[in-house]
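Asks: UniProt numbering puts the first residue of the sequence shown at 1, with every later residue one more than the last. In this text, a Cβ means the ideal position worked out from N, Cα and C, and glycines have one as well. As the structure is a computational prediction, the values presented were derived from the model and not from experiment.
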Amino acid sequence: MARVTLLGSRNKSATAFDAARDIPCMAGKVVLITGAAGDLGRQTAIELARHGRPARIYVADLPRGEKARKAVVDRITHEASTETEGADILAPRTEVRFLDLDFRSFESVKACAAEFLAAEKRLDVLVLNAGIIRVATGTTKEGHEVHFGLNYLGHALLAKLLVPTLVHTAQQQLGADVRVVVVSSEGHAMAPKRGIQFDKLRTGCADMSYAQRYGQSKVALIHLARALGRQHPELKTAAVHPGRILTGMATALSKESLLVRVTAPIAPLFCVPVSVGIANHLWAVTSPAVVSGTYYEPVGVSGKESAVAKDKDLSGRLWEWTEGELKGVGGIV
């Protein structure tokens, strides 16, 4: 992956990130990435396996049959393989494993966490990457607006279930570098004026635009990174905007949005390919410059979040609401 500075960072201090140079050795570490069968998550897994070589990377994504699971693992494994001049492709040192995970169901989130914890005693990097941007109005199995339930609340539940293992890993070695990277978006600025409409979260929020539904879920993710960092100083947490990226999600959005279809011919002028867009993911996972609890735009640029994303009162109210919604789920008290 070539060294890149993402365009559109709007800040001359943006960091050039070169995966081959800047991803450190991750030997012995365990990584879990949600949404890792999709473009961004998959490429993040590939680059970490190719350059960092952690012991294992867990790919958590929508449930699928054994053949389809194997296809995802095989693709990541193959693309992460190292090519050397005049030699065949070498097998990477990282083992890739697939976990079924559907954030629309607490039961699925609990089952995913249980399967992981049955296999591992450590977790060094948790990348909360899965997400949706525009789907039909609806709710999750537990009755939460689907963007908020999938993008935010399901991730909050998974994080809560895995935090004890993250903390345990951090405590095993002085100076251990254990991280949680939460994928938000500059789209958090599209949230409603008050940031999050708590009184509507147990409805489909049909009277809100998809942009507002999406925006409030992404504001919540920024606050999730801050809350985890504040509550667990042993961990290094960050929220990131990956940039404006040409992904499969953007293709799906074009079917619903006239604006996206009309601007498609010029999209390459202000969007970047996945291979470039994952730089902020990778930077947040590996850079020693990350300040815990901070939101970053590409690459490594802080201070760009909206007022509601900085609102401490909103953060406190969100965490209180979250604990109420998750109380008793998977043994959470």
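1) Alpha carbon to alpha carbon, how far is Glu323 from Ile332? Give it in angstroms, no decimals.
2) If I measure Cβ to Cβ from His281 and keep anything under 8 Å in the same chain, skipping five residues before and after, which residues do I get?
3) Hey, quick one: how far does the beta strand (DSSP E) through Thr237 stretch, first residue to last?
4) Less than 8 Å between the C-beta atoms of Leu161 and Asp102, yes or no?
5) To the nearest angstrom, report how far apart Val30 and Val219 are at their CA atoms.
6) Alpha carbon to alpha carbon, how far is Phe106 from Ser209? Give it in angstroms, no decimals.
7) Would you decide whether Leu174 is buried or exposed? Buried here means 16 or more other CB atoms lie within 10 Å of its CB.
8) Determine the direct distance from the alpha carbon of Ser217 to that of Asp18, and round the result to whole angstroms.
9) At which residues does the beta strand (DSSP E) containing Thr44 begin and terminate?
10) How about Thr294 and Ala227: do their beta carbons lie closer than 8 Å?
11) Rounded to a whole number of angstroms, what is the C-alpha to C-alpha distance between Val59 and Ile33?
12) Count the other C-beta atoms from every protein chain shown that fall within 10 angstroms of the C-beta of Asp207, then say buried if there are 16 or more, exposed otherwise.
13) If you draw a straight line from the alpha carbon of Lys110 to that of Gly330, how long is it in whole angstroms?
14) Report the residue from Arg179, Val178, Gly204, Ile57 whose alpha carbon sits nearest the alpha carbon of Glu142.
15) Which two residues bound the contiguous alpha helix (DSSP H) that contains Tyr210?
16) Determine contact between the region 187-203 and the region 305-323, defined as no fewer than three beta-carbon pairs at a distance below 8 Å.
Replies: In short, the structure shows the following:
1) 9 Å
2) Leu40, Thr44, Val127, Asn129, Val181, Val183, Val240, Pro242
3) 236-240
4) no
5) 28 Å
6) 25 Å
7) exposed
8) 30 Å
9) It is not in any beta strand (DSSP E) - Thr44 instead sits in the alpha helix (DSSP H) that spans 39-47.
10) no
11) 5 Å
12) exposed
13) 6 Å
14) Gly204
15) 210-231
16) yes
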